[in-house]
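Residue numbers (the UniProt record's numbering), protein chains in the order written: chain A, 1 to 215; chain B, 1 to 215. In what follows, a single structure is set out as structure tokens and then discussed.
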């Protein structure tokens, strides 16, 4: 009897400890929000509004890319499963269809990421004054890049992602105004004038993920 | 009667609009927390644990300053009203008293700051997944520096402060794990061995505020 009790207590202590340890998580499958990306050397910034569907593997982004004083607006609808994206130009009702070959990388903490710290942005002294987050670090062999990611403890919502490539160049991405769900799923339906879209091959052929799709 | 009704309606619309506009705010007078500062060029970082008392105008900081691979630990107790600070060395029970001449600048949004944006870190789609914050920008003529500050909408808790000086050097400060109140007010009482502290003048004499006190 005593052995059984001891075993039960030990097991619950162990389970309690395991439960406390943050685990890599995946962001909700449907997300809408904004993203700010600061490119190395600080000359280029990207500000985008996006809708993300990890179930059908499609992303819609309207991005404003600033390079020094030049600004460019791009509206793209990416279908990762079908391996092409549309570049949509409403001003002249034209559309360009570009094939690309890339795996869909959902917004998530990689399974082999190392938990760095749990901390509070702001304060938990009163409601609505703070946010409990976790930071994770790791290395991606394919791109030879180190990353540091901060996601919320509850809901696995991305906050910041910093990647540092081989050349020690930093790419800093900051997410905000995220909404779980899709306010208007029609953003994934291409406008009618895209049915006659011209097919244009990408020069570099590189669309590795969510971020590089816009570079 | 109709005029009175119209006036009442107009007044409440105006007051409603004014109430919605975020106003510069002051952080709580007692705070404890952590601060990370990234100095220009990225070679120097400062990580500190601090206790802040804006009523008595005193700050206690234990800071770890990393410059490339060198690390230095500093423990300081600053009395802004009395215009001196102690540098405390527990390892050999010694203490250095240094006079300084600087105004106490409380943690706050300057009155003439310009409201830039209100945004959510994370998501407000579910409780504990997001934080509503405001960003403010402005210019400090004394130090010829531009600043960009992010504080929580509720509670006026600092999140980040970015200052850019004349030379376009960026100082990025990030606050976290803040607690409103003082867990142990005794941190402001100098250890007994400080009564016989040696007085040493600062070479540069510059202690302008909360941050420069540590540079």
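C-beta: ideal position from N, C-alpha, C; glycine also. Predicted model, so just to flag it, every value in this text is computed and none were measured.
CA-to-CA distance, residue j to residue i, given in whole angstroms
{"i": "residue 43 of chain B", "j": "residue 67 of chain B", "result": "6 angstroms"}
{"i": "residue 143 of chain B", "j": "residue 156 of chain B", "result": "24 angstroms"}
{"i": "residue 83 of chain A", "j": "residue 148 of chain B", "result": "41 angstroms"}
{"i": "residue 80 of chain B", "j": "residue 201 of chain B", "result": "16 angstroms"}
{"i": "residue 120 of chain B", "j": "residue 136 of chain B", "result": "14 angstroms"}
{"i": "residue 191 of chain B", "j": "residue 59 of chain B", "result": "15 angstroms"}
{"i": "residue 150 of chain B", "j": "residue 27 of chain B", "result": "12 angstroms"}
{"i": "residue 90 of chain A", "j": "residue 177 of chain A", "result": "25 angstroms"}
{"i": "residue 25 of chain B", "j": "residue 134 of chain B", "result": "11 angstroms"}
{"i": "residue 175 of chain B", "j": "residue 159 of chain B", "result": "5 angstroms"}
{"i": "residue 57 of chain A", "j": "residue 23 of chain B", "result": "42 angstroms"}
{"i": "residue 94 of chain B", "j": "residue 100 of chain B", "result": "19 angstroms"}
{"i": "residue 96 of chain B", "j": "residue 168 of chain A", "result": "40 angstroms"}
{"i": "residue 197 of chain B", "j": "residue 126 of chain A", "result": "40 angstroms"}
{"i": "residue 46 of chain B", "j": "residue 69 of chain B", "result": "13 angstroms"}
{"i": "residue 215 of chain A", "j": "residue 51 of chain A", "result": "With a pLDDT of only 43 at residue 215 of chain A, under the threshold of 50, the placement of this residue in the model should not be trusted, and no figure is reported."}
{"i": "residue 78 of chain B", "j": "residue 189 of chain B", "result": "11 angstroms"}
{"i": "residue 128 of chain A", "j": "residue 128 of chain B", "result": "8 angstroms"}
{"i": "residue 92 of chain B", "j": "residue 193 of chain B", "result": "10 angstroms"}
When the options are compared against residue i, the one with the closest alpha-carbon
{"i": "residue 35 of chain B", "options": "B:62, B:25, B:26 and B:41", "result": "B:62"}
{"i": "residue 173 of chain A", "options": "A:37, A:22 and A:129", "result": "A:37"}
{"i": "residue 199 of chain B", "options": "B:164, B:86 and B:75", "result": "B:86"}
{"i": "residue 170 of chain B", "options": "B:176, B:139 and B:162", "result": "B:162"}
{"i": "residue 109 of chain B", "options": "B:146, B:50 and B:187", "result": "B:146"}
{"i": "residue 165 of chain B", "options": "B:93, B:39 and B:21", "result": "B:39"}
{"i": "residue 139 of chain A", "options": "A:78, A:69 and A:112", "result": "A:112"}
Cβ neighbour criterion (16 or more within 10 Å) applied to residue i
{"i": "residue 123 of chain B", "result": "buried"}
{"i": "residue 98 of chain B", "result": "buried"}
{"i": "residue 141 of chain B", "result": "exposed"}
{"i": "residue 187 of chain B", "result": "buried"}
{"i": "residue 53 of chain B", "result": "buried"}
{"i": "residue 71 of chain B", "result": "exposed"}
{"i": "residue 48 of chain A", "result": "buried"}
Residues near residue i in its chain [Cβ-Cβ closer than 6 angstroms; skip 5 each side]
{"i": "residue 132 of chain B", "result": "120 and 153"}
{"i": "residue 76 of chain A", "result": "61, 85 and 87"}
{"i": "residue 208 of chain A", "result": "Residue placement at residue 208 of chain A is poorly supported in this model, since its pLDDT is 46, which falls under 50; the coordinates still yield a value, given next. The residues are 102."}
{"i": "residue 41 of chain B", "result": "none"}
{"i": "residue 73 of chain A", "result": "64"}
Residue i Cβ short of 7 angstroms to the ligand SAH heavy atom set
{"i": "residue 159 of chain A", "result": "Because no ligand of any kind appears in the structure shown, any question about the ligand SAH cannot be addressed here."}
Chain-order list of residues whose beta-carbon lies under 7 angstroms from that of residue i (same chain, five-residue window excluded)
{"i": "residue 216 of chain A", "result": "Residue 216 of chain A is absent from the model: chain A starts at 1 and stops at 215."}
{"i": "residue 256 of chain A", "result": "Nothing can be reported for residue 256 of chain A: it is not among the residues displayed for chain A, which extend from 1 to 215."}
{"i": "residue 195 of chain B", "result": "none"}
Beta-carbon neighbours of residue i, restricted to chain D and to distances below 7 angstroms
{"i": "residue 123 of chain A", "result": "In the displayed structure, chain D is absent; the protein chains listed are A and B."}
Neighbourhood of residue i by C-beta distance below 8 angstroms, restricted to the same chain and skipping five residues each side
{"i": "residue 21 of chain B", "result": "115"}
- Stretch pair the stretch 116-127 of chain B + the stretch 93-108 of chain B: three plus CB contacts closer than 8 angstroms: Segments in contact, no.
- Task: Determine, using beta-carbon pairs with one atom in the stretch 29-39 of chain A and one in the stretch 175-185 of chain A, whether at least three such pairs fall under 8 angstroms.
- Result: Between the stretch 29-39 of chain A and the stretch 175-185 of chain A there are three or more inter-stretch CB-CB distances shorter than 8 angstroms, so the stretches are counted as touching.
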